[in-house]
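Take a look at the structure below.
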Amino acid sequence: MLSAVEAGEGEAAEQLLPLIYDELRKVAAHKLSLLPPGQTLQATALVHEAYLRLIGGQKEKWENRRHFFAAAAEAMRHILIDRARRRLRVRHGGESERTDLDIIDVTAPAKDEVLLQLNEALDELQSLSPERRKS
4 MLSAVEAGEG EAAEQLLPLI YDELRKVAAH KLSLLPPGQT LQATALVHEA
54 YLRLIGGQKE KWENRRHFFA AAAEAMRHIL IDRARRRLRV RHGGESERTD
104 LDIIDVTAPA KDEVLLQLNE ALDELQSLSP ERRKS
């Protein structure tokens, strides 16, 4: 099957994925388990992206099944490294820390005293300059 994929047979590439998917998913899950919590990439997406790199990119000749899976693991590693570099760029937040919005205190509404004082000041201003009153 790998030889057919190497030869550029499109059907072979489509038939190959279901045969190796479970094993690739295990490799992806293992790679993701080594990363700190909070990753947004799922094992399924990692498998598909790595598979596309292997099959859709430059034509590589795989010696055997083991060589193919090693190349897949290497592709997954490169994908994860590229994502980490992208997240560390300044335009993506750089070294900024994420903050849970639930713990941020929103400015409290004005206290009743302040509202009453403001209302009294507006009433006094209106009594001093009734001609400035807007309807």
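FYI, the numbering for the sequence shown is 4 to 138, going by my numbering.
Ideal placement from N, C-alpha and C gives every residue a C-beta, glycine not left out.
- Message: Along the chain, where does the alpha helix (DSSP H) containing Q129 start, and where does it finish?
- Response: D115 to L131
Whole angstroms is fine: what's the gap from E26's alpha carbon to E17's?
16 angstroms
Given this structure, state the Cα-to-Cα distance separating E116 from P133, to the nearest angstrom.
25 angstroms
My output table needs one value for L1: the three-state DSSP class, helix, strand or coil. Within the shown structure, residues of the chain are numbered from 4 to 138, placing residue 1 beyond reach of any answer.
Practice problem: Pick helix, strand or coil for E77, following the three-state DSSP scheme. | Solution: helix
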